[in-house]
Structure formats: structure tokens, C-alpha cells
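J.:
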Amino acid sequence: IMPVDTHFFEKNIEKNRLEIIEFEAQFQAEFKAINVEWIEVNFEVEAHDHEQLDNPQWILDNGGKIYLAKLNDEVVGTAILNYDGDGIWELGKMAVKPKAKGLGIGKMLLQKTIEVVKQKNAKTFYLESNRLQEVAIKMYLEFGFYEVPQNAHSHYQRADIKMEYPL
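Its first residue numbered 430, the sequence shown is counted upward by one per residue in the numbering used here.
#1: Under the three-state reduction of DSSP, which class applies to residue 525: helix, strand or coil?
#2: Using a Cβ-Cβ cutoff of less than 6 Å, which residues in the same chain neighbour residue 534 once the five nearest sequence positions on both sides are dropped?
#3: Hey, could you find the ends of the beta strand (DSSP E) residue 580 is sitting in?
#4: Counting only runs that start and end within the stretch 441–517, where is the alpha helix (DSSP H) found for 4 or more residues in a row?
#5: Do the stretch 544–556 and the stretch 513–529 meet, that is, are 3 or more Cβ pairs less than 8 Å apart?
#6: Measure from the alpha carbon of residue 490 to the alpha carbon of each residue in 471, 454, 470, then state which is nearest.
#7: Rounding to the nearest angstrom, what Cα-Cα distance links residue 446 and residue 504 in this structure?
#8: Just how far apart, CA to CA, sit residue 508 and residue 451?
#9: Could you tell me the distance, in whole angstroms, from the CA atom of residue 438 to the CA atom of residue 531?
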């Protein structure tokens, strides 16, 4: 498992101000736009995407968390933790605006989600993705995620890989 040197990321963003914050309703439009943008590059927005993006409060009401990366007061990244119950957490909607890529923001969001699930004594922490997301999958592997067999049921038609984090 790779430890994250946050000082490296701070150097990368130098004079820019980056903060990871918890979701607030005022950021719903940005949350949705960032996620729709990355999904539509290779896929179609699916029913479960709409459930989450149109009503993020549903995630929070079910025990989940939503994190946003703000760079110079602009929301440039998102990550959600869906709580599936019984100590099982899912990483989802991890996205960074194209103009903010390469600054380590995705890694900072991922590190935040790992810290949170550890604090919550999670039994399982998993994600579903697509192999076309090569950069993201490489990052997940660097952090210690490993591929596991997919369930017959997935929330997404586009999902062709499932990964878990060792807790």
C-alpha cells in the first residue's frame, strides 16, 4: 500500500489553494457537471448515475459521504463513498475536471476516502470501473486496490472491473 506524500501534491499546486471539503447542496450543479463530463467521454449516463447526480442527498441520507476538491474556490473534483450497509463501502463518482488533471487531486480525493473508511472500521471497500479508465485503474493499483471477481449484479452496464482495497 502506497503512502501518499501530500507535500508533493502541495508543491504541484504551488500558489493555488486546494481543499477537500464535504458536499453542500450549493455545489450540486458542479458535482453533477463534473461527473456527467467524464462519463460522456466514453459512456452514456445511466439510471444509477442519475439517481446519484440528481439527488446527492440520497447518498448522505443512506450514510454515505461526498467529497469535493476545491481549487482556488472552484469545485474541480468529486468522490463519493456509498454505504452499502454492514461495513461495506463503495467508492464512486471519482472525477476531476480536465483542466485540473495532473495536479494530484484524484490522489488526494482517493486518500481522503481511504482515511474515512478506515476511521469507520469498514469491512470492505470496493469500486467498480471500466478498463478504458486506464489512468484511474493505475492509480487504484498504486494505492493498493486489487482486482476481484465481479458480481453478476452491478449498478452500471459500463462496469467491467471490480476492485477492493485491503483493510
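Each residue gets a CB set at the ideal place from its N, CA and C atoms; glycine is no exception.
T.: A quick look at the data gives this:
#1: For residue 525, the secondary structure class from DSSP, reduced to helix, strand or coil, is strand.
#2: Counting only residues of its own chain and dropping the five nearest sequence neighbours on each side, residue 534 has a CB closer than 6 Å to the CB of 498, 506, 525.
#3: Segment: none, residue 580 is in no beta strand (DSSP E) and carries neither H nor E.
#4: Segments of the alpha helix (DSSP H) lying fully in the stretch 441–517: 457–471, 476–483, 485–490.
#5: Touching, yes, given that three or more Cβ pairs across the two stretches are closer than 8 Å.
#6: Proximity to residue 490 across 471, 454, 470 peaks at 454, based on C-alpha coordinates.
#7: Distance between residue 446 and residue 504, taken at the CA atoms: about 11 Å.
#8: Cα to Cα, residue 508 sits roughly 10 Å from residue 451.
#9: Per-residue confidence for residue 438 stands at a pLDDT of 49, beneath the threshold of 50, marking its modelled position as unreliable; no derived number is given.
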